[in-house]
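Protein chains in written order, with our numbering: chain L, 17 to 282; chain U, 98 to 303. The beta-carbon is built from N, C-alpha and C at its ideal position, and this holds for glycine as well. The structure under discussion appears below in the form of C-alpha cells.
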Amino acid sequence: MTMGITKRIIACLDVTKGRVVKGVQFVDLVDAGDPAELAHLHAASGADEIVLLDITATSDERPILIDVVRRTARQLFVPFAVGGGVRSLDDASALFDAGADKISINSAAIKTPAIITEIAERFGSQAVIVAIDAKRKPAPEGAAAASGVPAEVYLAGGRIATGHDAVEWAREAESRGAGEILLTSMDCDGTRAGFDCPLTAAVANAVNIPVIASGGAGSGDHFVEVFKAGCADAALAASIFHFGIHDLRELKAQLQREGIPVRLPC
Amino acid sequence: MITLIDYKAGNLTSVRKAFNHLGQQTVVTGDPALVREAEALVLPGVGHFCTTERLASSGVRDAVLEAIARGVPFLGICVGMQWQFAGSTEAPETQGLALFEGACERFRTSLKVPHVGWNQIRRTPAAEPSRLLAGVPDDSFVYFTHSYRAPVVAGVSAVTTYGETFAASVERENVFGTQFHPEKSGDTGLRILKNFCDYAAEKSAR
Numbered sequence: 017m018t019m020g021i022t023k024r025i026i027a028c029l030d031v032t033k034g035r036v037v038k039g040v041q042f043v044d045l046v047d048a049g050d051p052a053e054l055a056h057l058h059a060a061s062g063a064d065e066i067v068l069l070d071i072t073a074t075s076d077e078r079p080i081l082i083d084v085v086r087r088t089a090r091q092l093f094v095p096f097a098v099g100g101g102v103r104s105l106d107d108a109s110a111l112f113d114a115g116a117d118k119i120s121i122n123s124a125a126i127k128t129p130a131i132i133t134e135i136a137e138r139f140g141s142q143a144v145i146v147a148i149d150a151k152r153k154p155a156p157e158g159a160a161a162a163s164g165v166p167a168e169v170y171l172a173g174g175r176i177a178t179g180h181d182a183v184e185w186a187r188e189a190e191s192r193g194a195g196e197i198l199l200t201s202m203d204c205d206g207t208r209a210g211f212d213c214p215l216t217a218a219v220a221n222a223v224n225i226p227v228i229a230s231g232g233a234g235s236g237d238h239f240v241e242v243f244k245a246g247c248a249d250a251a252l253a254a255s256i257f258h259f260g261i262h263d264l265r266e267l268k269a270q271l272q273r274e275g276i277p278v279r280l281p282c
Numbered sequence: 098m099i100t101l102i103d104y105k106a107g108n109l110t111s112v113r114k115a116f117n118h119l120g121q122q123t124v125v126t127g128d129p130a131l132v133r134e135a136e137a138l139v140l141p142g143v144g145h146f147c148t149t150e151r152l153a154s155s156g157v158r159d160a161v162l163e164a165i166a167r168g169v170p171f172l173g174i175c176v177g178m179q180w181q182f183a184g185s186t187e188a189p190e191t192q193g194l195a196l197f198e199g200a201c202e203r204f205r206t207s208l209k210v211p212h213v214g215w216n217q218i219r220r221t222p223a224a225e226p227s228r229l230l231a232g233v234p235d236d237s238f239v240y241f242t243h244s245y246r247a248p249v250v251a252g253v254s255a256v257t258t259y260g261e262t263f264a265a266s267v268e269r270e271n272v273f274g275t276q277f278h279p280e281k282s283g284d285t286g287l288r289i290l291k292n293f294c295d296y297a298a299e300k301s302a303r
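What follows is the structure, given as C-alpha cells:
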C-alpha cells in the first residue's frame, strides 16, 4: 500500500444543554446521549476526529458549555474541534484551555471577519475552522453565479440568511486565516439522502485548505460519493454514528475497497 | 516530572493532558531557570516559526541548549521539532537550534497546503534503532497539521510522504522530535510519548 494522507471520517456531537441531540434540518431535536461517552466511543471505533457543536449557544446568546468540553476532552487523544457561540478571542482561549484543539466559528466570523485572523494569529490557522451553513438557491437568470453552484450562507443554526455566497465566503475565510472549512448543506442535513456533492466540490476546488463535508450522510455510498465527486478532504456525520446504524470500521473498509485512502486499522 | 515549555504560542492543554494520562506529572513554564533544571523537556509548538523568537529573547533557548548538553531528554513537537533544525523559510531571520542539518521549507506540491490529517510514518535505515518509535510498526498512522516540512537528513528516524518525502521524526542521543502530534495520534501517539517518558525515567535513574 502506498503511503499518503487519508480521508478523515469525523463524528459530530450536536450538543444542547449538555446532551447530544439530533434533529432533521436543524429542528425536532431528540436525545442521543452523553457527549464525553459518545466521543470516547466514536474515537475507539475509529473516528479520525471529533467535533462538538453547541447548537443553541448562539441563539440562546450564552457562552458554550466549557465544562462539557473539558469533560469530553479529558480522555480523548484524537483531534477535537469545538464550536457554537465562539464570539471572541477570549471565548476561543477558554475552549483551547479546556482541551479543544480547534475551534469552529460561524456566526461571529460573518459578523466580524477579523476574528478569524485574530484567533489564527494567536493559536495558528490549524486551530481555526470556519463553519459555513449553506442553502442552495436557484441560479440567477441570465447570469451564472461565480461558482456555478449558487448557495447562500445562513447564521445562528440556519435561522438567519446573510446574502453571502458560500463559495465566495469560503475563499474569504481562507484569505483571513481559516485552516479548514466545515461546509454543512442545510438542504441535506438530517435527511440521510446523501451529501451535497456539487456544492462540496465547488467549495473544495475554490480553496487550498481542507474542506469537511457535512449534512446528509446516510450510507457508506454517500461517503464514497462525497470523497470522489465531492472532492471532500473529510466527511462529518452525527446521527448515523450515535444510533449505531453504521459501524465505523465497516464504513472505512468499504471506502478502502473503493480506492479511497483511510486510516485502517484504527 | 515533565517540563512543558510555554512560549505563549498555541495551546499546551492537549500535550499536558496526554502526559498526565500516562501518569506523568507536568509543569508548564517559560522560566529559563526552571528549564535549566528540568528532568525532561517538551517543547510543543503550533503556529508560525517566528514565535520561537520568544524562546531566544526570554533566555529559554540558552537554557534548553544547556539542558541538552547536560543530557536532559528533550522532545520537540511540530514547530518544536522544526526549531531543532537550522531555521525555516517561514521566518528566515529566526534561528533554530541547528541540532539537525538544513532548514524547513514550505511544501512544494500541487496538493493542498497545509497538510492536515492522518498519514503514515516509515523508519529510515539508520545505524541505531529509534528509542522513540520502539514498538510502533512502520506505516502506523499519526496526525499532522503543518505547511512547512523539515528535510530528510542525518538524524531523521522516520519519514512521511505528502507530495514529497519529509522528516516525520528525528532522534539523536537525548534529542527527539516529531513533526506530527503524538498527543493527537491515538494509541500510536500515546506509545511514542510513553517511550519518551520511559527514556527520561531511565536517564534520571542513572
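If you measure from the beta carbon of residue i to each beta carbon in chain U, is any gap under 8 Å?
i, result
"ASN224 of chain L", "yes"
"GLN142 of chain L", "yes"
"GLU196 of chain L", "yes"
"PHE112 of chain L", "yes"
"ALA229 of chain L", "no"
"ALA89 of chain L", "yes"
"PRO95 of chain L", "yes"
"GLY99 of chain L", "no"
"PHE243 of chain L", "no"
"LEU264 of chain L", "no"
"ASP106 of chain L", "no"
The beta strand (DSSP E) spanning residue i covers which residue range?
i, result
"VAL98 of chain L", "96-99"
"VAL213 of chain U", "212-220"
"PHE293 of chain U", "No beta strand (DSSP E) holds PHE293 of chain U; the alpha helix (DSSP H) holding it covers 283-302."
"SER83 of chain U", "Shown here, chain U extends from 98 to 303; a query on residue 83 of chain U therefore has no answer."
"SER185 of chain U", "182-185"
"ARG269 of chain U", "261-269"
"PHE204 of chain U", "Counting along the chain, PHE204 of chain U falls outside any beta strand (DSSP E), and DSSP gives it neither H nor E."
"LEU302 of chain L", "It is not possible to answer for residue 302 of chain L, since the shown part of chain L is limited to 17 through 282."
"THR48 of chain U", "Limits of chain U in this structure are 98 at one end and 303 at the other, which puts residue 48 of chain U out of reach."
"VAL250 of chain U", "Careful: VAL250 of chain U lies outside any beta strand (DSSP E) and carries neither H nor E."
"PHE273 of chain U", "272-275"
Given that residue i touches chain L, what residues does it touch there, using C-beta distances under 8 Å?
i, result
"LEU162 of chain U", "In chain order: nothing, as chain L lies at least about 25 Å away."
"LEU287 of chain U", "PHE93"
"GLU280 of chain U", "PHE93"
So residue i is in the alpha helix (DSSP H); what residue range does that whole segment cover?
i, result
"LYS105 of chain U", "No alpha helix (DSSP H) holds LYS105 of chain U; DSSP gives it neither H nor E."
"ILE256 of chain L", "255-258"
"PHE243 of chain L", "236-244"
"PHE116 of chain U", "110-118"
"LYS268 of chain L", "264-273"
Between residue i and chain L, is any beta-carbon pair separated by less than 8 Å?
i, result
"ALA115 of chain U", "yes"
"ASN271 of chain U", "no"
"LYS291 of chain U", "no"
"VAL143 of chain U", "yes"
"GLY274 of chain U", "no"
"LYS300 of chain U", "no"
"LEU101 of chain U", "no"
"GLY283 of chain U", "yes"
List the residues of chain U that residue i touches, going by C-beta distances under 7 Å, in chain order.
i, result
"ILE21 of chain L", "HIS212, GLY214, ASN216 and TYR259"
"ASP64 of chain L", "TRP215"
Does DSSP put residue i in a helix, a strand or coil?
i, result
"VAL162 of chain U", "Note on residue identity: the sequence assigns Leu, not Val, to residue 162 of chain U. Residue state, collapsed to three classes: helix."
"GLU136 of chain U", "coil"
"GLY177 of chain U", "helix"
"SER191 of chain L", "helix"
"LEU152 of chain U", "helix"
"MET17 of chain L", "Note that MET17 of chain L scores a pLDDT of 45, beneath 50, so its modelled location is shaky and nothing firm can be said."
"LEU131 of chain U", "helix"
"VAL169 of chain U", "coil"
"GLU280 of chain U", "helix"
"VAL37 of chain L", "strand"
"VAL278 of chain L", "coil"
"VAL46 of chain L", "strand"
"VAL143 of chain U", "coil"
Residues of chain U with CB closer than 9 Å to the CB of residue i, please, in chain order.
i, result
"GLY234 of chain L", "None at all; the shortest Cβ gap to chain U is about 24 Å."
"PHE257 of chain L", "Near PHE257 of chain L there are no residues of chain U at all, since even the closest Cβ is about 17 Å away, more than 9 Å."
Using a Cβ cut-off of 8 Å, pull out every chain U residue sitting near residue i, in sequence order please.
i, result
"GLY115 of chain L", "THR110, SER111 and LYS114"
So which residues on chain L does residue i lean against when the C-beta distance must stay under 7 Å?
i, result
"THR242 of chain U", "GLN142"
Does at least one heavy atom of the ligand ATP sit under 7 Å from the Cβ of residue i?
i, result
"THR148 of chain U", "Of the ligands one can find in the structure shown there are none, so the ligand ATP has no counterpart to examine."
Runs of alpha helix (DSSP H) wholly within the stretch 196-232 of chain L (minimum 4 residues, chain order):
213-222
At 3 residues or longer, what runs of the beta strand (DSSP E) sit wholly inside the stretch 49-100 of chain L?
65-70 and 96-99
Secondary structure, alpha helix (DSSP H): runs of 4+ residues fully inside the stretch 102-185 of chain L
105-114, 123-127 and 130-139
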